[in-house]
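Visitor: Numbering (the numbering used here), first residue to last: 32 to 253.
C-beta: ideal position from N, C-alpha, C; glycine also.
Remember, it's a predicted structure, so these values are computed and weren't measured experimentally.
Pasting a structure below so you can have a look.
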Ligand code: CA
């Protein structure tokens, strides 16, 4: 059974999420204050954490940093009432897998949870050499890429960029994350190299394959 930890101080929201998730067949637990989140994650085997950023005792971003710093590798989805884009970027860079802004539709939350659980499974259990996201197939061994059944040629950086997006399907990747993972060293912060290479990929795949998340980064739709 899949268990989800809900770190949320607002009782009304926590119980709304808990009721909904239980109805969907998940097991749940609630951490209503920030200090209990880290011990609960390490003492129990949760499959996913929903983390409210606005926790009274300690900022959710600090909790996130502690968790990742201590090696917690479960998927984490940030829940936030803050629509400040900087918080979202900080969250993603701090190791969150996704975020959802309050108020949200419950169906959207469930869809994001399922997406994270699925992609976590494929990355952790198979470690196989062929990645597939919708209509894109990428073979790490032969370095061949197929889109909608036709083979496409990708130079090294474009291949690595696509590989990076494919290992995080449906997840928003910031420009900084992509720069770091694909180019591996510091470009000047104003560099538009990521945008340029996304443009190359869109030309070879399709313009809809990669979604621009305004002010944040990119998300692979496949
Ligand atoms: Ca809160």
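Buried or exposed: where does residue 184 fall if 16 or more other Cβ atoms within 10 Å of its Cβ makes it buried?
Guide: Along the chain shown, one-based indexing puts residue 184 at 153. Exposed, because fewer than 16 other Cβ atoms sit within 10 Å of the Cβ of residue 184.
Visitor: Going by the DSSP bridge assignment, what does residue 59 pair with across the sheet?
Guide: Numbered from its first residue, the chain shown carries residue 59 at position 28. Note: residue 59 sits in a beta bridge opposite 35.
Visitor: Measuring CB to CB, does residue 77 end up less than 8 Å from residue 34?
Guide: For the purposes of this step, residue 77 is taken as residue 46 along the chain shown, with counting starting at 1. For the purposes of this step, residue 34 is taken as residue 3 along the chain shown, with counting starting at 1. Contact flag set, yes.
Visitor: Is it the case that the CB of residue 90 approaches a heavy atom of ligand 1 more closely than 7 Å?
Guide: Mapped onto the chain shown, residue 90 falls at position 59. Residue 90 Cβ: outside cutoff for every heavy atom of ligand 1.
Visitor: Indicate whether residue 112 and residue 89 have their beta-carbon atoms separated by less than 8 Å.
Guide: Here residue 112 refers to the residue found at position 81 when the chain shown is read from its first residue. Here residue 89 refers to the residue found at position 58 when the chain shown is read from its first residue. Going by C-beta atoms, residue 112 is not nearer than 8 Å to residue 89.
Visitor: Residue 248 to residue 200, Cα distance in whole Å?
Guide: Looking up residue 248 in the chain shown gives position 217. Looking up residue 200 in the chain shown gives position 169. Rounded to the nearest angstrom, the two C-alpha atoms are 13 Å apart.
Visitor: Do residue 210 and residue 225 have their CB atoms nearer than 8 Å?
Guide: Reading the chain shown from its first residue, position 179 is the one you call residue 210. Reading the chain shown from its first residue, position 194 is the one you call residue 225. Yes; because the gap between Cβ atoms is below 8 Å, this pair is in contact.
Visitor: For the putative contact between residue 80 and residue 54, defined by C-beta atoms under 8 Å, what is the C-beta separation to the nearest angstrom?
Guide: Numbered from its first residue, the chain shown carries residue 80 at position 49. Numbered from its first residue, the chain shown carries residue 54 at position 23. Not really, about 20 Å apart at Cβ, beyond 8 Å.
Visitor: For a test of the three-state rule: what should DSSP assign to residue 163, helix, strand or coil?
Guide: Position 132 of the chain shown, counted from the first residue, corresponds to residue 163. In this structure, residue 163 counts as strand in the three-state DSSP scheme.
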